[in-house]
């Protein structure tokens with residue numbers, strides 16, 4: 029895991045990057061993005077954290093779950109914090125990519141999780 033600066037819309041922001049099995053994971057402002065070595069880019073959304081599905085929240089890096097903020101059946105708004113995790117002595121908030129309902133939570137506080145593990149699934153409302 030490396031600390032880096034990104035330029036987003038002309039503004040410099042701090043973030044972290046990690047790579048595993050040909051995929052680069054970048055975590056910036058509660059969003060995680062992945063770039064695969066084949067050149068295909070996926071955007072994780074506000075918190076989809078590397079998943080191609082905006083209804084999935086995956087671990088953007090290996091770390092420890094600090095707090096699960098919601099339970100299955102909970103209604104969430106876009107940008108609402110779903111899970112808080114710690115990696116490299118930094119706290120990361122994983123947020124809902126859109127408004128919807130939590131369908132499953134696959135982690136608990138204190139659990140060590142690997143990069144890419146699906147931590148929660150949301151049923152995102154269609155506009």
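Residue numbers (the working numbering): 29 to 155. Positions of the beta carbon are idealized from the N, C-alpha and C atoms, including for glycine.
About 5 Å separates the beta carbons of residue 86 and residue 144, which is inside the 8 Å limit, making them a contact pair. When C-alpha distances from residue 149 are compared across 138, 124, 140, 142, the shortest belongs to 124.
Residue 107 places its beta carbon 9 Å or farther from that of residue 140.
In chain order, 89, 91 place their CB closer than 6 Å to the CB of residue 115, counting only its own chain and leaving out the 5 sequence neighbours on each side.
Excluding its 5 nearest sequence neighbours in each direction, residue 151 has C-beta neighbours in its own chain below 6 Å: 128, 129, 131, listed in chain order.
Taking C-alpha positions only, residue 41 is separated from residue 110 by approximately 22 Å.
Rounded to whole angstroms, the Cβ separation of residue 135 and residue 93 is 5 Å, and the two are in contact under 8 Å. Ranked by Cα distance from residue 138, the first of 112, 47, 39 is 112. Where residue 56 is concerned, the enclosing beta strand (DSSP E) starts and stops at 51-56.
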